[in-house]
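Visitor: If you want the numbering used here, it's the 1-based position in the sequence shown plus 1363.
All residues carry an ideal CB built from backbone N, CA and C; glycine is no exception.
Let me begin by handing over the structure; questions about it come next.
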Amino acid sequence: MEPESIVVIGGSNNVHKPGGAVVRNLMSGGYSGTLRVVNPKEDEVQGIKAFHDARELPPTDLAILVVAAKYCPDYVELLAKEKNTRAFIIISAGFSEETHEGGLLEQRILDICEEYGCALIGPNCIGLLTRWHHSVFTKPIPQLNPKGVDFISGSGATAVFILESAVTKGLQFNSVWSIGNGKQIGIESVLEYMDEHFDAERDSLVKLLYIENIADPDKLLFHATSLIRKGCRIAAIKAGSSQAGSRAASSHTGAIASSDSAVEALFRKAGIVRCFSREELTTVGCIFTLPRFNGKNFAIVTHAGGPGVMLTDALSKGGMQVPPLTGAVAEELKAKLLPGSSVANPIDILATGTAEHLGIAIDYCEQMDDIDAIMVIFGTPGLVKIFEVYDVLDKKIHECRKPIFPILPSVSTAGPEVQEFLRRGHVNFSDEVTLATALTQVMKTPAPAEQNVVINGVDVPKIRKIIDSLSPTEEGNGYISPEKVHDLLTAAGIPTVSEFVSASKDEVLAFAQKTGFPVVAKVVGPVHKSDVGGVALNIRSKEVLGAEFDRMMQLPDATAVMVQKMLKGTELFVGAKYEERFGHVVLCGLGGIFVEVLRDVSSGLAPLSYEEAYSMIRSLRAYKILKGTRGQQGINERRYAEIIVRLSTLLRFATEIKEMDINPLLADGDDVIAVDARIRVEK
């Protein structure tokens, strides 16, 4: 991190090539240690005496390799063995990301680093950028600040594009890590380092991540959670999630659960804000630099009506409020603005509004109890001195207790003015809707979850007894019988509807007579009962039940018929799927056919806390239906959350379960009851 000496292997005088660009950036970045260069063809590189052979080097702390991949292992071995070099940044490509042979070269480098206790960033990266040394070959070099953002990227090119996006917003950086192939030091390892060496007084409180592969979800979860609990804020893009894990599966859950669900669940558990684009990530980073606030009420001060309307729409869509300003205070404010100004919120000071009018509007918003934050939209209408306006905005940002979000859209016509504003250490959200979308992601991200397993109400010994009793050759690999499903749910404390399974028509009819009509009949055997006509609802007589029994027993793979009391309520769904490296991903949403049609599901990583379960339920787009709408009774949300938590505990102690869903759960204002479920086990 703070090498007293650096050597660039392959450094050159051509600054348009990586070797020359690294040397240039180290020098222009003010590296104060000893900088050395190895180049067999040059006597001097950018004013530095060059070594023709690495064997001539004195001991050196850090080596940056910018030579062909085939030469890298020999250089690493020489430097580690003879020059006491213990840190390497390998810019070069052509390793495991390209060919099998390249993978062998990479493994040899890893073996050497392990033998000598060396740290390795790369290969196939743009390097490492810190306030101590600028060991990158790319531009832009952002303004570095101890309280700027720490940025870790799995892709060098993407890191550059994210830096471009950030620089135009005024977002400052403390460090930039490009980990490349990341076989030794990956994103999780960098977070581990930042966590274990964290100093709240000295270190950045904002971490931005661009991730292409989560190699160690447990490590990422542990250290991200730890950093956030220490006061940091983390946002991340996980690219490549939509295809990975999207494979055909034999249940509803399998069809929709993928590694994307696992990523969503992991981020929710850790408290990481999930982003989906470069612009969104850098916008969230800018939001993180502003003072924290609680509440969802915003005042919008603007001199342009349209952007104010679009911002109001976007905030409302994200669940935030732009409350109307009324009463004596509103009238008093209106009297101090130009005729025709509006104070309804958005507060429109008109295109002829001055810097003084902007300051007055901000002061009134600062004093209003029902306003939590202020958004200011001010470009150049060509009528006022924009420098004066931004002077006022700068002053108010420093004076006000409430956060002020500057939205300065005129980055072209007021370019110098915007740049001067950014030079004062501010950020700029040039697009109001992008800001509102990013803010929505921030506001809906829960705090890190407690890691405790909730045992209350779950009979763990009984669960293990049922799982252990499954024969590996019979039920131990595949879907287990309805009776065993019922037993497992009962042991987990998940209420189930009274049911009876038999291949005997007389026994089925007798149970229906005893439980009372109407009843539901379902075929046992086929996985997707509805698809083969294996479900009959609202059967009101034994004659109809008998006929349905005969029909279902003729269906392919039918082994028996299940009969249940017919219940009514809102259909819900809860399910789970085991994801390699992540563990069990638990899903919830509306049930019945809506699971696959609407795909409105939330995901969480088992084991779950009650806070996580409530967060999952309330993040559903259909949550208004669950709360009750248009005179319809809402569901018992506490019971639904309880079932989600108990299911996650069941999975924690029955890891042999690889897939399951309860669909539907029938819910009303009093209870939530499991009606149909299937469980697939691999022992």
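Apart from the five residues just before and just after Arg1449, which ones in its own chain have a Cβ nearer than 6 angstroms to its Cβ?
Guide: Position 86 of the sequence shown, counted from the first residue, corresponds to residue 1449. So the qualifying residues of the chain are Cys1481.
Visitor: Do you know offhand how far Ala1443's Cα is from Tyr1479's?
Guide: Translated into the one-based positions of the sequence shown, residue 1443 becomes position 80. Translated into the one-based positions of the sequence shown, residue 1479 becomes position 116. Roughly 6 angstroms between the two C-alpha positions.
Visitor: What is the DSSP secondary structure of Tyr1394, counted as helix, strand or coil?
Guide: Working through the sequence shown from its first residue, we reach residue 1394 at position 31. Reduced to three states, the DSSP call for Tyr1394 is coil.
Visitor: Which runs of the beta strand (DSSP E), 3 residues or longer, sit entirely within the region 1881-1949?
Guide: 1882-1887, 1898-1902, 1923-1928 and 1933-1942
Visitor: Look at the Cβ atom of Ser1459, then the Cβ atom of Asn1544, and state whether they are nearer than 8 angstroms.
Guide: Looking up residue 1459 in the sequence shown gives position 96. Looking up residue 1544 in the sequence shown gives position 181. Going by C-beta atoms, Ser1459 is nearer than 8 angstroms to Asn1544.
Visitor: Is the region 1684-1696 close to the region 1725-1739, with three or more CB pairs under 8 angstroms?
Guide: Yes, the region 1684-1696 touches the region 1725-1739.
Visitor: Use the C-beta contact count for Leu1900: other C-beta atoms within 10 angstroms, 16 or more gives buried, fewer gives exposed.
Guide: As a working mapping, residue 1900 is identified with position 537 in the sequence shown. By the neighbour-count criterion, in which a residue is buried when 16 or more other Cβ atoms sit within 10 angstroms of its Cβ, Leu1900 is exposed.
Visitor: Which full runs of the alpha helix (DSSP H) of 4+ residues lie inside the region 1984-2031, going along the chain?
Guide: Taking only runs of at least 4 residues, the alpha helix (DSSP H) segments lying wholly in the region 1984-2031 are 1986-1990 and 2000-2016.
Visitor: Kindly indicate which residue of Val1883, Glu2005 and Pro1436 has the alpha-carbon position closest to the one of Ala1855.
Guide: Stepping through the sequence shown from its first residue, residue 1855 is reached at position 492. Ranking Val1883, Glu2005 and Pro1436 by Cα distance to Ala1855 puts Glu2005 first.
Visitor: Quick check on DSSP: helix, strand or coil for Ile1427?
Guide: Counted from its first residue, the sequence shown places residue 1427 at position 64. Ile1427 falls in the strand class under three-state DSSP.
Visitor: On the DSSP letters alone, give me the boundaries of the alpha helix (DSSP H) that Gly1668 sits inside.
Guide: Sequence index remark: in the sequence shown, residue 1668 carries index 305 (1-based). Boundaries of the alpha helix (DSSP H) harbouring Gly1668: Gly1668 to Lys1680, taken from the DSSP string.
Visitor: Along the chain, which unbroken stretches of the beta strand (DSSP E) at least 3 residues long are found entirely within the region 1506-1563?
Guide: Taking only runs of at least 3 residues, the beta strand (DSSP E) segments lying wholly in the region 1506-1563 are 1507-1516 and 1536-1541.
Visitor: What did DSSP end up calling Ala1607 once you bin it into helix, strand or coil?
Guide: In the sequence shown, residue 1607 corresponds to position 244, counting from 1. Bear in mind that the predicted position of Ala1607 carries a pLDDT of just 43, short of 50, making it unreliable; the figure below should be weighed with that in mind. Judged by DSSP in its simplified three-state form, Ala1607 adopts coil rather than helix or strand.
Visitor: Reducing DSSP to helix, strand and coil, say where Asp1566 ends up.
Guide: Along the sequence shown, read from residue 1 onward, the residue named residue 1566 stands at position 203. Looking at Asp1566 - three-state DSSP - the assignment turns out to be coil, as it is neither helix nor strand.
Visitor: Look up Lys1601 in the DSSP assignment and give the residues it is bridged to.
Guide: The sequence position of residue 1601 within the sequence shown is 238, counting from 1. Answer by DSSP bridge pairing, in chain order: Ile1574.
Visitor: Going straight from the alpha carbon of Arg1399 to that of Tyr1973, what length do you get?
Guide: Here residue 1399 is taken as the residue at index 36 of the sequence shown, counted from 1. Here residue 1973 is taken as the residue at index 610 of the sequence shown, counted from 1. Between Arg1399 and Tyr1973, the C-alpha separation is close to 57 angstroms.
Visitor: Strictly by DSSP, which residues pair up with Gln1876?
Guide: Working through the sequence shown from its first residue, we reach residue 1876 at position 513. BP columns for Gln1876 are empty, so no partner.
Visitor: Please classify Pro1505: is it buried, with 16 or more other beta-carbons within 10 angstroms of its beta-carbon, or exposed?
Guide: If you number the sequence shown from 1, residue 1505 lands on position 142. Answer is buried; the Cβ neighbour count reaches 16.
Visitor: Output the boundary residues of the beta strand (DSSP E) element that contains Thr1665.
Guide: Counting from 1 along the sequence shown, the entry for residue 1665 is found at position 302. Note, Thr1665: beta strand (DSSP E), Phe1661 to Thr1665.
Visitor: Could you pull out every unbroken beta strand (DSSP E) segment of at least 3 residues lying fully inside the region 1693-1772, listed in chain order?
Guide: 1736-1740 and 1767-1770
Visitor: Just to confirm, are His1666 and Phe1784 a CB contact at a threshold of 8 angstroms?
Guide: Here residue 1666 refers to the residue found at position 303 of the sequence shown. Here residue 1784 refers to the residue found at position 421 of the sequence shown. No. Outside cutoff.
Visitor: Below 8 angstroms on the Cβ atoms is my guess for Val1525 versus Thr1646; work out the distance and round it to an integer in Å.
Guide: Along the sequence shown, read from residue 1 onward, the residue named residue 1525 stands at position 162. Along the sequence shown, read from residue 1 onward, the residue named residue 1646 stands at position 283. The residue you asked about is not Val; residue 1525 is Ile in the sequence shown. About 11 angstroms; that fails the 8 angstroms criterion.
Visitor: Work out the CA separation of Ser1538 and His1761 for me, nearest whole Å.
Guide: Locating residue 1761 in the sequence shown gives position 398, where the first residue counts as 1. Locating residue 1538 in the sequence shown gives position 175, where the first residue counts as 1. Using only the alpha carbons, I get a separation of about 26 angstroms.
Visitor: At a cut of 8 angstroms, does the region 1512-1526 reach the region 1564-1573 through at least three beta carbon pairs?
Guide: yes
Visitor: Quick one: Cα of Ala1801 to Cα of Thr1808, how far?
Guide: Residue 1801 sits at position 438 when you count from the first residue of the sequence shown. Residue 1808 sits at position 445 when you count from the first residue of the sequence shown. Going from the Cα of Ala1801 to the Cα of Thr1808 covers about 11 angstroms.
Visitor: Among the candidates Ala1873, Pro1403 and Asp2024, whose CA atom is the shortest distance from the CA of Lys1928?
Guide: Counting from one through the sequence shown, the residue named residue 1928 turns up at place 565. Checking every option, the nearest Cα to that of Lys1928 belongs to Ala1873.
Visitor: Identify, in the order they occur along the chain, each residue of the same chain with its Cβ nearer than 8 angstroms to the Cβ of Met1364, setting aside the five sequence neighbours on each side.
Guide: Translated into the one-based positions of the sequence shown, residue 1364 becomes position 1. Result list for Met1364: Thr1493 and Trp1495, in chain order.
Visitor: May I have the straight-line CA-CA distance separating Val1864 from Asp1581, to the nearest angstrom?
Guide: Counting from one through the sequence shown, the residue named residue 1864 turns up at place 501. Counting from one through the sequence shown, the residue named residue 1581 turns up at place 218. Going from the Cα of Val1864 to the Cα of Asp1581 covers about 41 angstroms.
Visitor: Per DSSP, Lys1412 is paired with what?
Guide: Within the sequence shown, the letter at position 49 stands for residue 1412. Answer is Glu1407.
Visitor: To the nearest whole angstrom, what separates the beta carbons of Ser1704 and Thr1743, a pair I think is in contact under 8 angstroms?
Guide: If you number the sequence shown from 1, residue 1704 lands on position 341. If you number the sequence shown from 1, residue 1743 lands on position 380. Not really, about 19 angstroms apart at Cβ, beyond 8 angstroms.
Visitor: Could you tell me if Pro2027 is buried or exposed, where buried requires 16 or more neighbouring beta carbons within 10 angstroms of its beta carbon?
Guide: Counting from 1 along the sequence shown, the entry for residue 2027 is found at position 664. The residue is buried, with at least 16 neighbouring Cβ atoms inside 10 Å.
Visitor: With the cut-off set at 8 angstroms, would you say Phe1536 and Val1512 are in Cβ contact?
Guide: Residue mapping note: residue 1536 aligns to position 173 of the sequence shown, counting from 1. Residue mapping note: residue 1512 aligns to position 149 of the sequence shown, counting from 1. Closer than 8 angstroms, so yes.
Visitor: Please report the Cβ distance between Met1915 and Val1907, rounded to the nearest whole angstrom; I am assuming they are in contact, meaning their Cβ atoms lie under 8 angstroms.
Guide: The sequence position of residue 1915 within the sequence shown is 552, counting from 1. The sequence position of residue 1907 within the sequence shown is 544, counting from 1. Contact flag wrong, Cβ pair sits at about 12 angstroms.
Visitor: Determine whether the Cβ of Asp1869 lies closer than 8 angstroms to any Cβ atom of chain C.
Guide: Here chain C cannot be found, since the structure has a single protein chain.
Visitor: Enumerate in chain order the residues of its own chain whose CB-to-CB distance from Asp1920 is below 8 angstroms, with the five nearest sequence positions on each side excluded.
Guide: Working through the sequence shown from its first residue, we reach residue 1920 at position 557. Cβ neighbours of Asp1920 beyond the five flanking positions: Gly1888 and Pro1889.
Visitor: Which residue from Val1530, Thr1933 and Leu1420 puts its Cα closest to that of Phe1957?
Guide: As a first step, residue 1957 must be located in the sequence shown, where it is residue number 594. Nearest of Val1530, Thr1933 and Leu1420 to Phe1957, Cα basis: Thr1933.
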